[in-house]
Amino acid sequence: LESLPYVPEAIFNNIERKQDLCLEGTREALLQEIYEWADSDQEQPLLWLSGWAGTGKSTIGVTVARKYEEKGRLGASFLFSKGKGNSESAMKFVATVAYQLAQKSSLIKDSICKTLEKDRDIVNKSLSDQWHQLILKPMSDLPDDEGKAPYILVIDALDECEESRIRDIQTILFENQSNHLRVLVTSRPNLDPSFQPASGPGCQSHSIVLHNIATDIVERDILKFLEHHLAKLRPDWPGTERINRLVQMASGLFIWAATASRYVTSGGGALAERRLRKVLDNDICPNSPEGSLDDIYITVLRDSIPANWSDEERRVCCYSLRQYLGSIVVLFEQMSPHSLYKIMEVNPDKKAEIEVHELLRNIRAILDVPEGKDEKRTVFRLHHPSLRGFLLDANRCTDMEFHVDKKQAHRTLLDGCLQLLSQTLKRDICGLEASGIFDRTPDQLRIEHLLPPEVQYACLYWVKHLQQSGYVVQENDTIYQFINEHLLHWLEALNWMGKGHDALEALRCLDSLTIQNKRSGVSILIKSLIRFTQRNLDILTEAPLQLYSRTLPFAPRRSPVCKKDKRDALHSVRSLPKFYGGWARFIRRKKRN
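Everything in the sequence shown is counted per my numbering, starting at 306 for the first residue and increasing by one.
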């Protein structure tokens with residue numbers, strides 16, 4: 306069972322997650338409808354909860370998960386989230402669900418283990434094959450007369466999944482025919498229309514649309530929410546009239562109410578009155594609930610900059626805020642302050658580092674910011690994913706001082722990743738050659754020490770940042786120079802991290818980014834490296850240092866990678882084979898032998 310490649314961070318009560326439950330006394334009718342569906346024996350095993358950003362989908366999903374976890378009926382949960390390696394998470398979706406289900410029933414566990422013993426490669430097959438073998442088959446093995454109510458599977462924010470995988474997951478969810486499993490899915494209402502669930506006789510799904518719930522019901526819940534949180538400053542503050550105005554401004558969005566209350570209360574009693582007036586002064590009629598949310602985001606961002614600063618100080622401050630907040634919203638995985646500042650080159654200037662962290666602390670109403678700038682275990686988190694969409698959309702973030710250019714943000718991270726790797730990577734980074742133990746694997750703690758989180762992130766994602774930046778690799782630019790000088794060191798590091806297969810995918814991506822320069826030196830070099838990696842992947846995975854001693858010396862001499870790096874490997878062998886051809890001729894000769 307431990308061989309299942311599951312994603313612990315996707316489980317609703319994982320220690321890394323911060324997720325609120327519905328406030329007691331709110332969402333009562335809606336939750337009751339969901340609980341009745343979960344507890345009934347009707348033939349509608351799929352419930353689809355959709356709604357605009359900020360309508361409270363995730364909070365409802367987690368509240369349901371918590372209730373059925375306490376009742377012993379939560380089969381599994383999977384919470385999708387951008388910025389958490391969502392591409393890899395999507396491929397591990399079924400395995401993560403199966404791993405959790407196996408903890409709930411010995412019968413399910415035994416069935417899954419038998420499947421894994423029979424087909425060890427099942428986790429690398431299509432999601433449909435995985436779903437049928439690891440989920441539906443074990444559930445079908447449960448006796449119908451077991452007398453237990455069905456297990457509940459909660460899937461949150463499916464729209465945050467990697468776009469190319471959403472359709473696959475939708476397909477398998479609609480194939481759920483097990484009487485022992487009910488599936489609750491939350492998403493925004495913008496998924497592929499051909500897969501939208503529909504209610505009606507004979508339908509295998511039931512749907513609830515949050516933004517279609519009666520306005521008076523939603524506003525009553527938001528009123529309770531605001532009264533509860535604002536009263537933490539002092540009882541009966543800020544008064545019925547002003548709270549009612551806040552309810553109207555929320556336009557049915559719980560995320561607006563949550564953001565506004567955090568903004569008002571985070572400054573303490575001294576600032577609360579001023580901040581409340583600032584929010585209320587924005588009491589204009591937005592064109593949509595999204596417009597209302599945009600207004601509160603702009604208010605928080607503008608208020609993070611002291612009003613008594615000069616124009617030049619404001620310009621520098623806005624640039625720093627845009628640069629760092631922009632990097633946070635486009636990261637492929639969440640990152641701690643320590644790691645982010647390492648990549649963003651802040652460390653040499655300690656004063657600047659402190660100022661940046663304090664600046665980010667000023668926007669805690671919209672961004673969860675760890676206490677200390679040197680924090681390594683706690684990461685930056687968006688309070689709500691709608692902030693990402695707001696910052697990246699110039700039509701929504703109309704104040705250009707805060708609008709984030711997506712391509713430029715990726716380019717900033719690309720430059721930081723390459724500089725960090727250029728300073729860090731080297732041959733035999735774990736120091737095994739010096740001790741004469743070429744084939745021994747260093748312990749995990751040593752690998753994590755020599756390849757800390759920011760270096761591992763840079764190794765895994767610099768090519769993706771390059772791809773998203775829209776930049777095309779040119780001969781003799783900084784990217785070409787990095788490839789030319791550190792490519793083998795990068796391959797070694799990836800293999801120590803257990804990510805050797807990612808190198809081949811990254812190299813192919815690099816090749817596509819040089820398509821306009823097919824005959825250039827960089828294109829030829831990358832193609833040679835693809836062939837080199839394909840040829841030696843198994844060796845590199847088992848013993849990364851063999852990259853230098855067992856593979857490189859025997860590569861064809863006309864290969865660019867050979868011309869560049871062979872000298873570095875000469876001391877590893879006494880003599881070299883005299884083969885002067887290129888890769889194609891080399892591979893044909895090896896096949897004949």
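Just so you know, even glycine gets a beta-carbon here, dropped at the ideal spot from N, CA and C.
Q | Cβ contact check for the stretch 552–571 and the stretch 613–628: 3 or more pairs under 8 angstroms | A | With fewer than three CB-CB distances shorter than 8 angstroms, the stretch 552–571 does not count as touching the stretch 613–628.
Q.
Bridge partners for Ile513 per DSSP, in chain order?
A. Residue mapping note: residue 513 aligns to position 208 of the sequence shown, counting from 1. Leu354.
(Q) Give me, in chain order, the residues of the same chain whose beta-carbon lies closer than 8 angstroms to that of Ile518; leave out the 5 immediate sequence neighbours on both sides. (A) Against the sequence shown, residue 518 aligns to sequence position 213. Leu335.
Q: Could you check if Lys323 is buried or exposed, using at least 16 other CB atoms within 10 Å of its CB as the buried criterion?
A: Along the sequence shown, read from residue 1 onward, the residue named residue 323 stands at position 18. With fewer than 16 neighbouring CB atoms inside 10 Å of its own CB, Lys323 falls in the exposed class.
Q) Per DSSP, what kind of secondary structure is Phe383 in: helix, strand or coil? A) Looking up residue 383 in the sequence shown gives position 78. In the displayed model, Phe383 falls within a strand according to three-state DSSP.
Q. Would you call the stretch 711–729 and the stretch 769–776 touching, i.e. three or more CB-CB distances under 8 angstroms?
A. With contact defined as three or more Cβ pairs closer than 8 angstroms, the stretch 711–729 and the stretch 769–776 are in contact.
Q. How about Glu465 and Ala395: are their beta carbons less than 7 angstroms apart?
A. In the sequence shown, the residue the question calls residue 465 occupies position 160. In the sequence shown, the residue the question calls residue 395 occupies position 90. No, they are not a contact pair.
Q: Assign Ser774 to one of three DSSP states: helix, strand, or coil.
A: Counted from its first residue, the sequence shown places residue 774 at position 469. Three-state result, Ser774: helix.
Q: Have a look at Ile648 and Asp843 and give me their C-alpha separation to the nearest angstrom.
A: The sequence position of residue 648 within the sequence shown is 343, counting from 1. The sequence position of residue 843 within the sequence shown is 538, counting from 1. Spanning the two alpha carbons is a distance of roughly 31 angstroms.
(Q) So, with DSSP's three-state summary, where would you put Asp461? (A) Residue numbering aside, residue 461 sits at position 156 when the sequence shown is read from its first letter. Look at Asp461 here: in three-state DSSP terms it is strand.
Q: Measure how close the beta-carbons of Leu515 and Ile339 come, nearest whole angstrom, since I'm counting them as under 8 angstroms.
A: Taking the first residue of the sequence shown as 1, we reach residue 515 at position 210. Taking the first residue of the sequence shown as 1, we reach residue 339 at position 34. Contact between Leu515 and Ile339 does not hold, since the beta-carbon distance rounds to 12 angstroms and is not under 8 angstroms.
Q) Applying the criterion that 16 or more other CB atoms from any shown protein chain within 10 Å of the CB defines a buried residue, is Arg579 buried or exposed? A) Locating residue 579 in the sequence shown gives position 274, counting from the first residue. A residue is called buried when at least 16 other Cβ atoms come within 10 angstroms of its Cβ; Arg579 does not meet this threshold and is exposed.
Q) How about Phe707 and Arg701: do their beta carbons lie closer than 7 angstroms? A) Numbered from 1 along the sequence shown, position 402 holds the residue referred to as residue 707. Numbered from 1 along the sequence shown, position 396 holds the residue referred to as residue 701. No, they are not a contact pair.
**Q.** Option nearest Arg582 by Cα separation, candidates Val634, Leu538, Arg547 and Leu719
**A.** Indexing the sequence shown from 1 puts residue 582 at position 277. Closest by alpha carbon: Arg547.
Q: Find the nearest neighbour of Leu463 within the set Leu793, Ile477, Lys453 and Asp704, judged by alpha-carbon distance.
A: Start at 1 with the first residue of the sequence shown, and residue 463 comes out as number 158. It is Ile477.
Q | Given Gly736 as reference, the closest of Tyr762, Gln761 and Pro849 once Cα atoms are compared | A | Residue 736 sits at position 431 when you count from the first residue of the sequence shown. The candidate whose alpha carbon is nearest that of Gly736 is Pro849.
Q: With a 10 Å radius around its C-beta and 16 neighbouring C-beta atoms as the bar for buried, classify Val661 as buried or exposed.
A: Within the sequence shown, the letter at position 356 stands for residue 661. Looking at its Cβ environment, which holds 16 or more other Cβ atoms inside 10 Å, Val661 is buried.
Q: Please say whether Ile457 and Arg487 have beta carbons closer to each other than 7 angstroms?
A: Residue numbering aside, residue 487 sits at position 182 when the sequence shown is read from its first letter. Residue numbering aside, residue 457 sits at position 152 when the sequence shown is read from its first letter. In this structure, Ile457 lies closer than 7 angstroms to Arg487 by Cβ.
Q. Quick one, which of Arg669, Ser817 and Asn841 has its alpha-carbon nearest Lys832's?
A. Taking the first residue of the sequence shown as position 1, residue 832 is located at position 527. Among Arg669, Ser817 and Asn841, the Cα nearest to that of Lys832 is on Ser817.
Q | Cβ-based burial, Ile788 [other Cβ within 10 Å; buried from 16] | A | Numbered from 1 along the sequence shown, position 483 holds the residue referred to as residue 788. Buried.
Q. Which partner residues does Thr491 have in the DSSP bridge list?
A. Counted from its first residue, the sequence shown places residue 491 at position 186. In the DSSP output, where bridge partners are listed per residue, Thr491 has Leu354.
Q | Which of helix, strand or coil DSSP assigns to Asp673 | A | The sequence position of residue 673 within the sequence shown is 368, counting from 1. Strand.
Q. Beta carbon of Ile560, beta carbon of Gly330: below 7 angstroms?
A. By one-based count along the sequence shown, residue 560 stands at place 255. By one-based count along the sequence shown, residue 330 stands at place 25. No, the pair does not count as a contact, with Cβ atoms beyond the cut-off.
Q) What is the residue span of the alpha helix (DSSP H) that Leu606 lies within? A) Position 301 of the sequence shown, counted from the start, is the residue given in the question as residue 606. Note, Leu606: alpha helix (DSSP H), Pro594 to Asp608.
Q: Look at the alpha carbon of Leu528 and the alpha carbon of Leu723, and state the distance between them as a whole number of angstroms.
A: Working through the sequence shown from its first residue, we reach residue 528 at position 223. Working through the sequence shown from its first residue, we reach residue 723 at position 418. One C-alpha to the other measures close to 49 angstroms.
Q | Start and end residues, alpha helix (DSSP H) containing Asn484 | A | The residue given as residue 484 occupies position 179 in the sequence shown. Asn484 -> no alpha helix (DSSP H), and no H or E assigned at all.
Q: Assuming Ser510 contacts Trp353 (C-beta within less than 8 angstroms), just tell me the rounded distance between them.
A: Along the sequence shown, read from residue 1 onward, the residue named residue 510 stands at position 205. Along the sequence shown, read from residue 1 onward, the residue named residue 353 stands at position 48. About 6 angstroms separates the beta carbons of Ser510 and Trp353, which is inside the 8 angstroms limit, making them a contact pair.
Q) In the structure shown, what three-state DSSP assignment does Tyr456 receive? A) Taking the sequence shown and counting its residues from 1, the one referred to as residue 456 is at position 151. In this structure, Tyr456 counts as strand in the three-state DSSP scheme.
Q.
Taking only three categories from DSSP, how would you classify Leu535?
A. The residue labelled residue 535 in the question sits at position 230 within the sequence shown. Helix.
Q) Between the beta-carbon of Leu406 and the beta-carbon of Asp473, is there less than 7 angstroms? A) For the purposes of this step, residue 406 is taken as residue 101 along the sequence shown, with counting starting at 1. For the purposes of this step, residue 473 is taken as residue 168 along the sequence shown, with counting starting at 1. One thing to note: Leu406 has its Cβ no nearer than 7 angstroms to the Cβ of Asp473.
**Q.** Best match in Gln749, Val523, Leu306 and Glu595 for proximity to Lys423 [C-alpha to C-alpha]
**A.** Counting from 1 along the sequence shown, the entry for residue 423 is found at position 118. Minimum Cα distance to Lys423 is reached at Leu306.
**Q.** Check whether Ile668 and Val605 have beta carbons under 7 angstroms apart
**A.** Against the sequence shown, residue 668 aligns to sequence position 363. Against the sequence shown, residue 605 aligns to sequence position 300. Between Ile668 and Val605, the C-beta spacing is below 7 angstroms.
Q. Taking the alpha carbon of Lys453 as the point to measure from, which residue in His485, Gln475 and Ser445 has its own alpha carbon closest?
A. Indexing the sequence shown from 1 puts residue 453 at position 148. Of His485, Gln475 and Ser445, the residue nearest in Cα terms is His485.
Q: Could you check how far apart the C-beta atoms of Glu753 and Leu725 are, in whole angstroms? I think they sit under 8 angstroms.
A: Mapped onto the sequence shown, residue 753 falls at position 448. Mapped onto the sequence shown, residue 725 falls at position 420. About 16 angstroms separates the two Cβ atoms, so there is no contact after all.
**Q.** With 16 other Cβ atoms within 10 Å as the buried cut-off, status of Lys537
**A.** Your numbering for residue 537 matches position 232 in the sequence shown. Its Cβ having fewer than 16 others within 10 Å, Lys537 is exposed.
Q. Considering Met649, what are the terminal residues of the alpha helix (DSSP H) in which it resides?
A. Mapped onto the sequence shown, residue 649 falls at position 344. Met649 -> no alpha helix (DSSP H), and no H or E assigned at all.
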